[in-house]
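For the sequence shown, the working numbering gives the first residue as 65, with consecutive numbering after it.
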Amino acid sequence: MRILVDVMGTPQASGGMNLYARELLAAWAETSPQDELILVGGPWILDLVRRGIATKGEVIHQGNVTKRLWVQTIKSGLIARRVQADALLSLSPIAAFTFPSDRSFAVVHDWRHKRRPNEFSPVQRMYRRLWILSLRRVRRVFTISEKSAQETLQYSKVANSVVVRNGGDHPRHWAKLEPTADDEPRILTYGHFNNKRPEPVIEAVGLLRASSEHLRLTVLGARGKYRDELLAHARRSGAEDAVDFPGYVDEITYQSLLQQADVVVLNSSDEGYGLPVAEANFFGIPVIAASDSGLGEIHGSSVYLSDPFAASLAPALQYCLRKGRSTPSVKTWADASRLLRSAIDAAISKSE
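Written as structure tokens, this is what we have:
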């Protein structure tokens with residue numbers, strides 16, 4: 065098959081979304097080398113072309129929301145027609161309206177803008193209104209979890225979704241590091257979006273340090289004004305000397321920080337999947353997830369649920385630190401790519 069893959073919705077700075085695109089496409093190229101993958105997206109896609117994962121790429125410099133909409137709704141469909149693609153797959157919910165609907169497919173990760181509208185700007189909410197129009201038009205909708213499938217039905221009334229769970233074995237490519245031998249337990253959490261809620265995690269560390277617990281917390285992603293606010297929050301919580309704010313880090317640094325963590329905390333208000341859960345599980349590292357994040361529905365016993373407040377997080381941290389590492393259980397990206405491809409192939413075959 066020749067597939068036009070629109071990755072405009074997974075830009076390089078999008079964190080888990082970009083990792084999803086890279087790992088899914090790499091696994092696709094490995095498991096179905098006879099296929100041609102033609103990409104439409106930012107300059108980062110040239111790396112996939114150089115590595116032989118994609119046949120070629122149409123580079124679009126991201127620009128503003130208007131340009132992104134033009135590419136996702138119009139241009140990518142025109143490119144798919146020009147290259148005579150068998151199918152158009154968007155790795156976000158918006159698939160071009162200029163390509164036949166019976167050969168168009170889209171991926172839904174989450175509906176956080178519906179559940180937490182206050183976390184999105186008016187422009188972002190307006191952009192996401194197009195999701196429903198697109199999803200009602202495409203042949204198949206792929207959702208990354210049962211949770212996102214249920215939400216897709218609830219918010220868009222689209223019932224033709226196929227659950228293709230994310231893989232979690234991408235850390236197999238990471239340079240393996242042994243856990244640190246020092247006596248100070250390490251906790252890793254996230255602060256790159258406003259729904260990550262690192263404040264209660266900082267407070268929990270302050271509570272534990274007040275009772276002579278020696279801990280080290282790293283908050284990833286926070287920078288600028290928000291980093292300054294979190295630093296002030298740590299000072300008020302009695303955790304200033306126990307918290308690091310490295311901001312965004314390169315891949316090697318992130319891989320090192322995660323592998324050396326004794327506990328990973330996702331205190332998010334809502335998650336579509338939570339790739340750090342899969343990454344931590346790969347190494348058997350315990351994960352604490354917020355009870356309102358939806359991660360319990362997605363990952364089951366692979367996460368320890370806590371209410372998103374310091375009073376609940378502190379004993380959860382103590383429990384997970386005592387528990388230590390466990391035997392990992394891992395899903396593969398190869399399985400995800402095979403399932404997604406076979407669903408596309410079956411849908412196209414029925415159309416012919």
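Note that beta-carbon positions come from the ideal geometry of N, C-alpha and C, so glycine has one too.
Output the boundary residues of the alpha helix (DSSP H) element that contains residue i.
i, result
"E94", "80-95"
"I196", "194-199"
"S275", "Element bounds for S275: n/a, residue is neither H nor E."
"P340", "339-346"
"A378", "374-387"
"Q323", "315-323"
"Q214", "210-220"
"Y290", "288-300"
"R114", "109-114"
"E361", "359-363"
Can you check which of these residues, the options, is closest to residue i by C-alpha distance?
i, options, result
"I408", "V202, A239, G364, L272", "V202"
"A85", "I208, G141, V147", "I208"
"G336", "G388, E277, K211, Y368", "K211"
"D150", "N345, P164, N182", "P164"
"Q323", "P310, Y312, P350, D334", "P350"
"G360", "I138, V341, F346", "V341"
"A306", "H297, L321, L279", "L279"
"R250", "R180, D314, Y312, V328", "V328"
"D399", "A296, R229, L101, S220", "R229"
"A411", "S225, N258, R291", "S225"
"L381", "S185, D326, N128, V135", "D326"
"A353", "G364, F346, F347", "G364"
"S357", "R261, A93, I138, S220", "R261"
"R405", "Q98, S78, G79", "Q98"
"K40", "V265, R180, R167", "Residue 40 lies beyond the range of the chain shown here (65 to 416); nothing can be said about it."
"V313", "T396, H256, A375", "H256"
"T253", "L89, W397, T137, L294", "L294"
"P75", "S96, I124, L101", "I124"
"Q136", "K120, L112, G106, T119", "G106"
"T162", "P181, L339, K139, R176", "K139"
"R114", "R132, V129, A93, N128", "A93"
"W134", "T396, H234, Y191, F346", "Y191"
"E277", "G302, A296, E122", "G302"
"F346", "P264, A268, Y383, H237", "H237"
By DSSP's criteria, residue i is part of a beta bridge. Which residues make up the other side?
i, result
"D70", "V104, S154"
"L281", "I251, V307"
"Y204", "It should be pointed out that residue 204 corresponds to Arg in this sequence rather than to Tyr. BP columns for R204 point to F169."
In this structure, how does DSSP classify residue i when only helix, strand and coil are distinguished?
i, result
"D99", "coil"
"L369", "strand"
"V328", "strand"
"S225", "strand"
"G336", "coil"
"G231", "coil"
"T137", "helix"
"W238", "coil"
"K260", "coil"
"T391", "coil"
"P164", "coil"
"N128", "coil"
"Q148", "coil"
"W175", "coil"
"Y312", "coil"
"P75", "coil"
"S185", "coil"
"R180", "coil"
"M190", "helix"
"I117", "coil"
"A159", "coil"
Which residues bound the beta strand (DSSP E) around residue i?
i, result
"I352", "351-354"
"K120", "120-123"
For the pair the stretch 272-279 and the stretch 183-203, tell me if three or more CB-CB distances fall below 8 Å. Under the 8 Å Cβ criterion, the stretch 272-279 does not count as touching the stretch 183-203, having fewer than three qualifying pairs.
Touch check for the stretch 65-72 and the stretch 141-161: three-plus C-beta pairs under 8 Å? The count of Cβ pairs closer than 8 Å, one atom from the stretch 65-72 and one from the stretch 141-161, reaches three, so the stretches are in contact.
Evaluate the contact criterion for the stretch 302-320 versus the stretch 282-290: three or more CB pairs, one atom per stretch, below 8 Å. The answer is yes - the stretch 282-290 touches the stretch 302-320, with three or more Cβ pairs under 8 Å.
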